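*Asks:*
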Amino acid sequence: MSKILLFVYILFTTISLGQTVDKEIKVDSIRIEGNKTTKDFVILRELNFAVGDTVSKSLLNYNRERVFSLGIFNNVEFAIEKANELNILVINVQESWYIYPVPFFNWRENTIAKSSYGFFLLYKNFRGRNETIQALASFGYDPSFNLFYINPVISTKYDLSLAFGLFHQTIKNKSLMARAIYKSDFNYKTSGASITLGKRFNTSNNLFLSLGFSYIDVPIYLPGFNASGSKIDRVPWLQLQYVLDTRNLKQFSKNGFFGKVELTHNGFGINNVDYNVFGFDIREYHPIIEDITLKWRINYRHTFGRVIPLYDYSFLGNGQYIRGHITEDREGNNALLGSVELSYPVIKEWYFGLKLPLLPKRLTTARIGLQFNIFGDTGTTYNNGERISISKFDSGWGFGLTILFLPYNAIRFEYAFDEQMNGEFNIGSGFAF
Numbered sequence: 001m002s003k004i005l006l007f008v009y010i011l012f013t014t015i016s017l018g019q020t021v022d023k024e025i026k027v028d029s030i031r032i033e034g035n036k037t038t039k040d041f042v043i044l045r046e047l048n049f050a051v052g053d054t055v056s057k058s059l060l061n062y063n064r065e066r067v068f069s070l071g072i073f074n075n076v077e078f079a080i081e082k083a084n085e086l087n088i089l090v091i092n093v094q095e096s097w098y099i100y101p102v103p104f105f106n107w108r109e110n111t112i113a114k115s116s117y118g119f120f121l122l123y124k125n126f127r128g129r130n131e132t133i134q135a136l137a138s139f140g141y142d143p144s145f146n147l148f149y150i151n152p153v154i155s156t157k158y159d160l161s162l163a164f165g166l167f168h169q170t171i172k173n174k175s176l177m178a179r180a181i182y183k184s185d186f187n188y189k190t191s192g193a194s195i196t197l198g199k200r201f202n203t204s205n206n207l208f209l210s211l212g213f214s215y216i217d218v219p220i221y222l223p224g225f226n227a228s229g230s231k232i233d234r235v236p237w238l239q240l241q242y243v244l245d246t247r248n249l250k251q252f253s254k255n256g257f258f259g260k261v262e263l264t265h266n267g268f269g270i271n272n273v274d275y276n277v278f279g280f281d282i283r284e285y286h287p288i289i290e291d292i293t294l295k296w297r298i299n300y301r302h303t304f305g306r307v308i309p310l311y312d313y314s315f316l317g318n319g320q321y322i323r324g325h326i327t328e329d330r331e332g333n334n335a336l337l338g339s340v341e342l343s344y345p346v347i348k349e350w351y352f353g354l355k356l357p358l359l360p361k362r363l364t365t366a367r368i369g370l371q372f373n374i375f376g377d378t379g380t381t382y383n384n385g386e387r388i389s390i391s392k393f394d395s396g397w398g399f400g401l402t403i404l405f406l407p408y409n410a411i412r413f414e415y416a417f418d419e420q421m422n423g424e425f426n427i428g429s430g431f432a433f
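In the numbering used here, the protein residues as written are 1 to 433.
#1: By alpha-carbon positions, which one of Y311, F68, T293 and Y100 ends up nearest to N187?
#2: How about L209 and Q239: do their beta carbons lie closer than 9 Å?
#3: Starting from P236, follow its DSSP beta bridges and name the residues at the other end.
#4: Going straight from the alpha carbon of F431 to that of V340, what length do you get?
#5: Rounded to the nearest angstrom, what separates F49 and R200 at their Cα positions?
#6: Counting beta carbon pairs with one atom in the segment 77-86 and one in the segment 98-114, are three or more of them shorter than 8 Å?
#7: For I88 versus I43, is the C-beta distance shorter than 9 Å?
#8: CB-CB under 6 Å to S228, same chain, minus the five flanking residues each way: which ones, in chain order?
#9: Helix or strand or just coil, what does DSSP make of E386?
#10: Quick check: the Cα distance between Q169 and N61, rounded to an integer number of angstroms?
#11: Along the chain, where does the alpha helix (DSSP H) containing V93 start, and where does it finish?
#12: Would you please state the rounded distance, in angstroms, between the beta carbons of L363 and W97? I believe it to be under 8 Å.
#13: Can you tell which of T381, I154, T246 and E386 has the C-alpha that lies nearest to the C-alpha of K260?
#14: For A416, which residues of its own chain have a beta-carbon under 6 Å away from its beta-carbon, when the five flanking residues on both sides are left out?
#15: Out of curiosity, what's the CA-to-CA distance linking S161 and G128?
#16: Just to confirm, is the Cβ distance from F372 to L401 under 9 Å?
#17: Examine the Cβ distances between the segment 176-192 and the segment 147-156 and report whether three or more of them are shorter than 8 Å.
#18: Could you tell me the distance, in whole angstroms, from the CA atom of I308 to the CA atom of F41?
#19: To which residues of the same chain is L222 closer than 7 Å at the C-beta, ignoring the five residues directly before and after it?
#20: Determine the extent of the alpha helix (DSSP H) in which F68 is found, giving its start and end residues.
#21: Return the Cβ separation of G224 and G192 in integer angstroms, given the expectation that the two are a contact with Cβ distance under 8 Å.
#22: Compare the Cα-Cα distances from I411 to each of G369, E419 and F280 and report the closest residue.
#23: Using a Cβ-Cβ cutoff of less than 8 Å, which residues in the same chain neighbour D53 once the five nearest sequence positions on both sides are dropped?
#24: Could you give the uninterrupted runs of the beta strand (DSSP E) lying entirely in the segment 269-314, keeping only those of 3 residues or more?
#25: With a CB to CB cut of under 8 Å and the five nearest residues on each side skipped, what residues in its chain are close to I112?
#26: In its own chain, which residues sit with a C-beta less than 7 Å from the C-beta of L254, not counting the 5 before and 5 after it?
#27: Looking at the structure shown, is F49 part of a helix, part of a strand, or coil, going by DSSP?
#28: Should N384 go down as buried or exposed, given a rule of 16 or more other Cβ atoms within 10 Å for buried?
#29: For G256, count neighbouring C-beta atoms within 10 Å of its own C-beta (all shown protein chains included) and say buried if the count is 16 or more, exposed if not.
#30: Ends of the alpha helix (DSSP H) at I43?
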């Protein structure tokens, strides 16, 4: 695995690409067409240039993908029109259907018993302001229900956002230590609510402050599993999060950087609950040769404090996993996961539409893409005070196909190998990273 990462690193740092001439023009005005529902400001706030600025073709393509990343359009086109020696940027959008279910299926450990399935019910672009109302119902493994509301602009003057949500989930215990204490598998229930206030400084930088409450109910009190000393933990929490995002197409990026850093304090000492979770997620996407894109990711989670409950340990094998070791669960105070991937577009961009009875065309139209991927993952978990050892890392590599149905969802088919070349097949919705 280390040889794979070294090869990709050398390839990434030594390839020099020839630069092509990218003619620049001045944007004298902007006209938006096709937005029957969407307010103009929703589109304009995604642009990293303004009227009077000079732009290049590559910059226009970058901003086109940013507007598409809103997830509320089936198609976005940028074109320059000449009128009285002025350059008019025409942004033409094709609005998607805004109320629809999105099914998902997460195949886990090569068995239906540990897989989950369900659907999101989305109401996107509510009131034409890109507000989202989302309900989720997940069945099978770890069934859950939640309801979220997201408003990206509650104040245009101060560029503030607001979100709040409710959730309930029945979770199968993931902790091997808790299982040893309980002598068998068990389920526990968690419910809660949260509210988030966000501040956007520019198109790339955002700061979020979240306040929430979680209720964790275990069948019986297990020493170490709960933080409060009883079978029920009532946990108020506060989180500060910073996000830097320069990606072009957020659903399946080909260029740009994504970084997220967050710190969460749990409990405030109430009922003896008093611990913290620090984490970061760093990703970079870079085109290297022709249409081949190199992307890498480092994800880290660190827990520290008075008493860290076993249910909030850092896990690999559930949600976050190492491809090639999907069936293996690991736990510790901390988790570190690294990934690198090369992707090539077999089908780069194909707009597909069907005419079906009773269904609006906007709902049966999508931007289709097919990506071939070669990937490598490595990761480990460890406890506080324990040194990180290379020998304790698990690694895997493999290949797969990702079918994109933008702006709605994607399906991934992957085959991965571990260090002993044992293979495993994985299918799921969404994107690896």
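C-beta: ideal position from N, C-alpha, C; glycine also.
Model, not experiment: these values are computed from the prediction.
*Replies:* In short, the structure shows the following:
#1: Y311
#2: yes
#3: F213
#4: 14 Å
#5: 16 Å
#6: no
#7: no
#8: N271, N272 and V273
#9: coil
#10: 41 Å
#11: No alpha helix (DSSP H) holds V93; the beta strand (DSSP E) holding it covers L86 to E95.
#12: 4 Å
#13: T246
#14: R323, G324, G396, G398 and E424
#15: 15 Å
#16: yes
#17: no
#18: 45 Å
#19: A178, I181 and Y182
#20: K57 to F68
#21: Not really, about 22 Å apart at Cβ, beyond 8 Å.
#22: G369
#23: K26 and V27
#24: 275-289 and 292-305
#25: G140
#26: Note on identity: in this sequence residue 254 is Lys, with Leu being the wrong assignment. Answer for K254: N248, Y285, P287 and T293, listed in chain order.
#27: coil
#28: exposed
#29: buried
#30: D40 to L44
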